[in-house]
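The structure under discussion appears below in the form of structure tokens.
Protein chains: 2
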Amino acid sequence: MPKKERKRLQVVISDEQDALLTRTAYELSSPERLISKSEVVRLAIEKIARELGEGPTGQIEEYRAILGSEGAGEEG
Amino acid sequence: MPKKERKRLQVVISDEQDALLTRTAYELSSPERLISKSEVVRLAIEKIARELGEGPTGQIEEYRAILGSEGAGEEG
Numbered sequence: 489m490p491k492k493e494r495k496r497l498q499v500v501i502s503d504e505q506d507a508l509l510t511r512t513a514y515e516l517s518s519p520e521r522l523i524s525k526s527e528v529v530r531l532a533i534e535k536i537a538r539e540l541g542e543g544p545t546g547q548i549e550e551y552r553a554i555l556g557s558e559g560a561g562e563e564g
Numbered sequence: 489m490p491k492k493e494r495k496r497l498q499v500v501i502s503d504e505q506d507a508l509l510t511r512t513a514y515e516l517s518s519p520e521r522l523i524s525k526s527e528v529v530r531l532a533i534e535k536i537a538r539e540l541g542e543g544p545t546g547q548i549e550e551y552r553a554i555l556g557s558e559g560a561g562e563e564g
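As given, the protein sequences belong to chains R and B, one line each in that order. The C-terminal position of the first sequence is numbered 564 in my numbering, with every residue numbered one higher than the one before it. The C-terminal position of the second sequence is numbered 564 in my numbering, with every residue numbered one higher than the one before it.
Quick look at the structure:
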């Protein structure tokens, strides 16, 4: 990918989200291929966009509920 | 959340992933509540970890396949 097609994203996450990220990276890693936390974030972005595009409309409500209740919300 | 329970995460994403993020933030937003791209990232992290925890083992293979083929892979 050419340099200008990349953007630096800064996100503040909780310790718990950082731990989730580490665990997911570990679970996706294999002896042949280590997966970094950055890769998990990029994968997660693609997954959530895809699910929202394909899924039933109710999915939006589900995501909003998570945003409303959990540590994913506010700031930034 | 207390300050020390937060971490600053830096991720390099492609223009396309940035556009996905913007679109997802817009889709989750409502006239009552604007959702930022940072919130989408935090939500996406929680979603992917949850799905991996609950889902069938085949999910790991699916995610690895995405990582292997798409712009989610390498660097960082």
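Where is the CB? At the ideal position from N, CA and C, for every residue including glycine.
Taking just the CA atoms, how far does residue j sit from residue i?
i: G564(B); j: Y514(B); result: Note on G564(B): pLDDT 49, under 50, position unreliable in the model; the coordinate value appears next. The straight-line gap from Cα to Cα measures roughly 27 Å.
i: S482(B); j: S557(B); result: For chain B, the structure presents residues 489 to 564; residue 482(B) sits outside this window and is missing.
i: E542(R); j: R496(B); result: 31 Å
i: L508(B); j: V529(B); result: 11 Å
i: R521(B); j: L555(R); result: 10 Å
i: A532(B); j: L531(R); result: 9 Å
i: V500(B); j: Q498(R); result: 9 Å
i: A567(B); j: T545(B); result: In the structure as shown, chain B starts at 489 and stops at 564, and residue 567(B) therefore has no counterpart that could be examined.
i: E504(R); j: L516(R); result: 18 Å
Sort the options by Cα distance to residue i and report the nearest one.
i: I523(B); options: I548(R), G541(R) and R496(R); result: I548(R)
i: E526(R); options: E539(R), R511(R) and E550(R); result: It is Ser, not Glu, that sits at residue 526(R) in the sequence shown. Minimum Cα distance to S526(R) is reached at R511(R).
i: Y551(R); options: E493(B), Q505(B), R494(B) and S518(B); result: S518(B)
i: E493(R); options: D506(B), A537(B) and Q498(B); result: D506(B)
i: L540(R); options: P544(B), K535(B) and L540(B); result: K535(B)
Against residue i, what residues of chain B qualify as contacts under a CB-to-CB distance less than 7 Å, listed in chain order?
i: Y551(R); result: L516 and L531
i: T512(R); result: I536, A537 and L540
i: S565(R); result: This structure cannot speak to residue 565(R), because chain R is shown only from 489 to 564.
State buried or exposed for residue i, treating a residue as buried only when at least 16 other CB atoms are found within 10 Å of its CB.
i: A580(R); result: As displayed, chain R neither begins before 489 nor continues past 564, which places residue 580(R) out of reach and without an answer.
Name the chain B residues whose beta carbon is nearer than 9 Å to that of residue i?
i: L522(R); result: In chain order: nothing, as chain B lies at least about 11 Å away.
Examine chain C for any beta-carbon lying closer than 7 Å to the beta-carbon of residue i, and answer yes or no.
i: Q547(B); result: Absent from the structure is chain C; the protein chains it does hold are R and B.
Report task. Identify every run of the alpha helix (DSSP H) within the stretch 535-559 of chain B, keeping only runs that are complete inside it and at least 4 residues long; order them along the chain. Result -> The stretch 535-559 of chain B contains, as complete alpha helix (DSSP H) runs of 4+ residues, the segments 546-557 (chain order).
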